Every structure is written in structure tokens, then in C-alpha cells.
Amino acid sequence: SPLRRVFVYGTLKRGEPNHHWLTDVANGMASFVGRGTTVARYPLVIGSRYNIPFLLDVPGRGHQVRGEIYEIDDRMLTRLDVLEDYPRLYERRPEAIQSEGTAGATGGEQVVSCWIYLLQRFPPHLLEQPMLEEYRNSTALPYTESHDDDLFDDQHPATSTISASVEKEENPPR
Numbered sequence: 001s002p003l004r005r006v007f008v009y010g011t012l013k014r015g016e017p018n019h020h021w022l023t024d025v026a027n028g029m030a031s032f033v034g035r036g037t038t039v040a041r042y043p044l045v046i047g048s049r050y051n052i053p054f055l056l057d058v059p060g061r062g063h064q065v066r067g068e069i070y071e072i073d074d075r076m077l078t079r080l081d082v083l084e085d086y087p088r089l090y091e092r093r094p095e096a097i098q099s100e101g102t103a104g105a106t107g108g109e110q111v112v113s114c115w116i117y118l119l120q121r122f123p124p125h126l127l128e129q130p131m132l133e134e135y136r137n138s139t140a141l142p143y144t145e146s147h148d149d150d151l152f153d154d155q156h157p158a159t160s161t162i163s164a165s166v167e168k169e170e171n172p173p174r
């Protein structure tokens, strides 16, 4: 089956807590292509009590987001859909990514189309969070593997819980 490109910007990057999903051969095949940046600007924020990096589907807000490009097979794409709770939580669509010297390519940078996971339905408070150019897990906001199925489900009270916890998060003055 043909390989597909995916752009990862959060916990799936090298050195981050979920990178093992991409390296586990039981999940399928993934090969690192290179670093990249979204051509469009998007809000990349850390939210919920699990300190999850979310890319909000609000083009034109925030920054051009830096991440990594991988070539993956269909099996890995299916596994990533499970991890990202697509289509219930995240939307997945092709997005233009500026690659930084793609492996094996001549002439360095080029724009490639990659699958990307975007959060379409979210508490409005998330847009008030600091918007990042690049995600790195930190001791200040440590990522926690979430097992809460009601993370942003509007049919459940969890949404208000998350909104409240996001509101309470203090951001130290820069």
C-alpha cells in the first residue's frame, strides 16, 4: 500500500511521551522524513488537566507550528486515528507543510501535503491559552496519558470541568 505523510506537532515527536507509538512495529511502519512547519498559522496550546498539546482548527491565529514529518503505512495511520480519537475528537485532513530539507530531496525546503490532526470542537477558553510555535513536554506542565473518554464531549459534564481547570491554570508573567 502507498505510504502517506503525516505531520506531528505534539507528544508523537522524537523525545516526547508518545513517540513510542511511531517506533512500535506492531503499530505499522513509520519513517522520519524531516522537520517541518505549517504554512498556515494555527493555535497550538496546552490544555485540560492532562496538559495535552492541542492544535486548534482556527487557521490564521497563533503561529506557524513546528513539528516532524513521517511517512507511514495504512496500519500506522489506523493506529494514530485510535490514539487521536479520530473522528470523534480530532479532525484529520491534508495540510501544506514546509519541509526543512526533506531526506533524499534536492534543493532543501519544499512544501509537501501531510495529514494533520486538528481539534475542531473545544472550550473557548483554550484560545486564551499561550499559543506556542513548538511543543515540548515540561515539568511545569507535564503531559499525562489520558484515559478519560469524555475529554471534550459536550454531552457530558467533563467539558465544564476542563474549562474550569483551564481557567484556573496560572500563567507566570513573562
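Residues in the sequence shown are numbered from 1 upward in steps of one, following full-length UniProt numbering.
Positions of the beta carbon are idealized from the N, C-alpha and C atoms, including for glycine.
These numbers were taken from a predicted model, which means no experiment stands behind them.
Asked: Cut-off 6 Å between Cβ atoms - residues of its own chain near residue 92, not counting five sequence neighbours on either side; Found: 86, 115 and 117
Asked: Cβ pair count under 8 Å reaching 3, the segment 136 to 145 against the segment 13 to 31; Found: yes
Asked: For residue 128, three-class secondary structure by DSSP; Found: helix
Asked: Residue 53 versus residue 62 - alpha carbon distance; Found: 14 Å
Asked: Same chain only: Cβ atoms within 8 Å of residue 58, ignoring 5 sequence neighbours per side; Found: 42, 43 and 127
Asked: DSSP beta-bridge partners of residue 38; Found: 97
Asked: Close-in-space but distant-in-sequence residues of the same chain around residue 120 (CB under 7 Å, 5 per side omitted); Found: 57 and 91
Asked: Any 3 or more C-beta pairs closer than 8 Å across the segment 123 to 142 and the segment 68 to 77; Found: no
Asked: Neighbourhood of residue 175 by C-beta, 7 Å cutoff - its chain only, sequence neighbours within 5 removed; Found: Residue 175 is absent from the structure shown; the chain starts at 1 and stops at 174.
Asked: Residue nearest to residue 14 in terms of C-alpha spacing, selected from 34, 45 and 2; Found: 34
Asked: In DSSP terms, what residue 5 is bridged to; Found: 71
Asked: Pairwise C-alpha distance: residue 3 and residue 80; Found: 14 Å
Asked: Neighbourhood of residue 141 by C-beta distance below 6 Å, restricted to the same chain and skipping five residues each side; Found: 46 and 51
Asked: Short CB-CB distance (under 7 Å) between residue 145 and chain D; Found: Of the protein chains in this structure there is only one, and it is not chain D.
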